[in-house]
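Have a look at the structure below before the remarks.
Residue numbers (the working numbering): -19 to 99.
Given below as structure tokens:
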């Protein structure tokens, strides 16, 4: 674990979001994609490390993960974690939806996008 920093940083950036493409939606999609890519990379490294450690210690057979079947409690916990992850990934869309100048057309598009992801 790392020591807690003596500095307190704001949780939200100030100012307008910088845009790099002509369509701001492309920037938002890229931000979501890069956020997901970072999450997947970290998780893959951690899973790989855990599997290698467990196999090296003789605690886990090399093919045990492929044959594992999760019970109902594990599936429920994974579903909750997945929902939180989706909220994090879709945060950039939610921020626009919650902005003071969010209009009705954006509300409909936001709700349609959320409904599609939840299916």
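Glycine residues also receive a C-beta, built at the ideal position from the N, C-alpha and C atoms.
Of the listed residues the options, nearest to residue i (C-alpha basis)
i, options, result
"residue 5", "96, 95, 98, 89", "89"
"residue 76", "60, 36, 54, 93", "93"
Beta-carbon contacts of residue i that lie in its chain and below 8 angstroms, excluding the five residues immediately before and after
i, result
"residue 45", "31"
"residue 65", "19"
Distance, residue j Cα to residue i Cα
i, j, result
"residue 29", "residue 23", "10 angstroms"
"residue 95", "residue 67", "13 angstroms"
"residue 104", "residue -1", "Beyond the ends of the chain as shown, which are -19 and 99, falls residue 104; an answer cannot be given."
"residue 25", "residue 56", "24 angstroms"
"residue 15", "residue 21", "10 angstroms"
"residue 1", "residue 34", "45 angstroms"
"residue -5", "residue 63", "29 angstroms"
"residue 98", "residue -12", "35 angstroms"
Query - Unbroken stretches of the alpha helix (DSSP H), 4 residues or longer, contained in the segment 44 to 78 - result: Counting only runs of 4 or more, we get 44 to 47, 52 to 69, 71 to 78.
Query raised in the report: Any contact of the segment 64 to 72 with the segment 6 to 13, i.e. 3+ C-beta pairs under 8 angstroms?
Result: Three or more beta-carbon pairs drawn from the segment 64 to 72 and the segment 6 to 13 are found closer than 8 angstroms, and the two stretches are therefore classed as touching.
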